[in-house]
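> Before we start, here is the structure in question, set down as structure tokens.
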Amino acid sequence: MYGKRKSTSNPTGSTVVLRWSSHPRCVALARLELRKALAEWGLSVLEDSATLILSELLSNAGRHARVTPEQTIETRYFRSSGALRIEVHDASPERPQPRVPDAEASDGRGLLLVEALADEWGVADRCGPGKVVWASLSVPRARPGEGEGMGEGGRS
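Here the sequence shown is numbered in my numbering, starting from 3 and rising by one per residue.
Right, here's the structure in full:
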């Protein structure tokens, strides 16, 4: 199973819930689904950071989680007023910890990237076995004077 989409509404916006196997191809498919949701919600400005964060969290879950037909990896994307929350749920009790990778290592930098890009991130228990790793991003506020003197189509 690569991904099963279920969209729902919440009081502050919209939610997309997807379930994944641990197959590496799921990461690219999950990024595509996140891009679609961001475009629908008018949050495309967050796309670069959001897709990188999702890639890191989902890759970690695929590498370390216990995945069975009954216990898949689940992603949840929540839109709220001016913000986005990305969650990755898995059945492993092991909590990820940022680490300082060896300079020659080809891995071990993912959570450092998440920490650098997200406004905040964390790990929490969930109902049932495992945990949820989450990250939040805020929509950048326009600076005063930005867009002033612009004509139609954004040109002066």
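The beta-carbon is built from N, C-alpha and C at its ideal position, and this holds for glycine as well. Keep in mind that this is a model prediction, so the values were computed, not measured.
Which residues share a DSSP beta bridge with Glu76?
Reading the sequence shown from its first residue, position 74 is the one you call residue 76. Arg21 and His91.
> Which residues does DSSP pair with Ala85 in a beta bridge?
Counted from its first residue, the sequence shown places residue 85 at position 83. Answer is Ser82 and Ser140, bridged to Ala85.
> Suppose you measure from the CA of Pro98 to the CA of Gly44; what does that come to, to the nearest Å?
One-based indexing of the sequence shown puts residue 98 at position 96. One-based indexing of the sequence shown puts residue 44 at position 42. Near 31 Å, if we compare the C-alpha coordinates of Gly44 and Pro98.
> Taking buried to mean at least 16 other C-beta atoms within 10 Å of its own C-beta, is Val116 buried or exposed?
If you number the sequence shown from 1, residue 116 lands on position 114. Around the Cβ of Val116, a 10 Å sphere holds 16 or more other Cβ atoms; the residue is buried.
> Comparing alpha-carbon positions, which option in Ile88, Val102 and Ser94 lies nearest Glu49?
Here residue 49 refers to the residue found at position 47 of the sequence shown. The candidate whose alpha carbon is nearest that of Glu49 is Ile88.
> Report the CB separation of Leu56 from Leu34 in whole angstroms; it is logged as a contact under 8 Å.
By one-based count along the sequence shown, residue 56 stands at place 54. By one-based count along the sequence shown, residue 34 stands at place 32. Taking 8 Å as the upper bound for CB-CB distance, Leu56 and Leu34 are not in contact here, some 10 Å apart.
> Starting from Gly124, trace the beta strand (DSSP E) both ways and give me its first and last residue.
Position 122 of the sequence shown holds residue 124. First-last of the beta strand (DSSP E) with Gly124: Glu122 to Asp127.
> Could you give the distance in angstroms between the alpha-carbon of Leu113 and the alpha-carbon of Pro131?
Here residue 113 is taken as the residue at index 111 of the sequence shown, counted from 1. Here residue 131 is taken as the residue at index 129 of the sequence shown, counted from 1. Between Leu113 and Pro131, the C-alpha separation is close to 22 Å.
> Using a Cβ-Cβ cut-off of 8 Å (strictly less than) and excluding sequence neighbours within five positions of Arg128, which residues of its own chain qualify?
As a position in the sequence shown, residue 128 is number 126, starting the count at 1. Cβ neighbours of Arg128 beyond the five flanking positions: His91 and Val134.
> With H, G and I counted as helix, E and B as strand and the rest as coil, what does DSSP make of Val102?
Working through the sequence shown from its first residue, we reach residue 102 at position 100. It is coil, neither helix nor strand.
> By how many angstroms is the C-alpha of Ala32 removed from the C-alpha of Glu142?
Here residue 142 refers to the residue found at position 140 of the sequence shown. Here residue 32 refers to the residue found at position 30 of the sequence shown. First, the amino acid is wrong: residue 142 is Pro here, not Glu. Rounded to the nearest angstrom, the two C-alpha atoms are 24 Å apart.
> Work out the CA separation of Arg21 and Leu86 for me, nearest whole Å.
Translated into positions along the sequence shown, residue 86 becomes position 84. Translated into positions along the sequence shown, residue 21 becomes position 19. Going from the Cα of Leu86 to the Cα of Arg21 covers about 19 Å.
> According to DSSP, what are the bridge partners of Lys133?
The residue labelled residue 133 in the question sits at position 131 within the sequence shown. In the DSSP output, where bridge partners are listed per residue, Lys133 has Asp92 and Asp127.
> CA-CA distance, Arg101 and Thr53?
Here residue 101 corresponds to residue number 99 of the sequence shown, with the count starting at 1. Here residue 53 corresponds to residue number 51 of the sequence shown, with the count starting at 1. If I take the Cα positions, the gap works out to 21 Å.
> Kindly indicate which three-state DSSP category Arg68 falls into: helix, strand or coil?
On the sequence shown, position 66 is the one that residue 68 refers to. DSSP places Arg68 in coil when its eight states are reduced to three.
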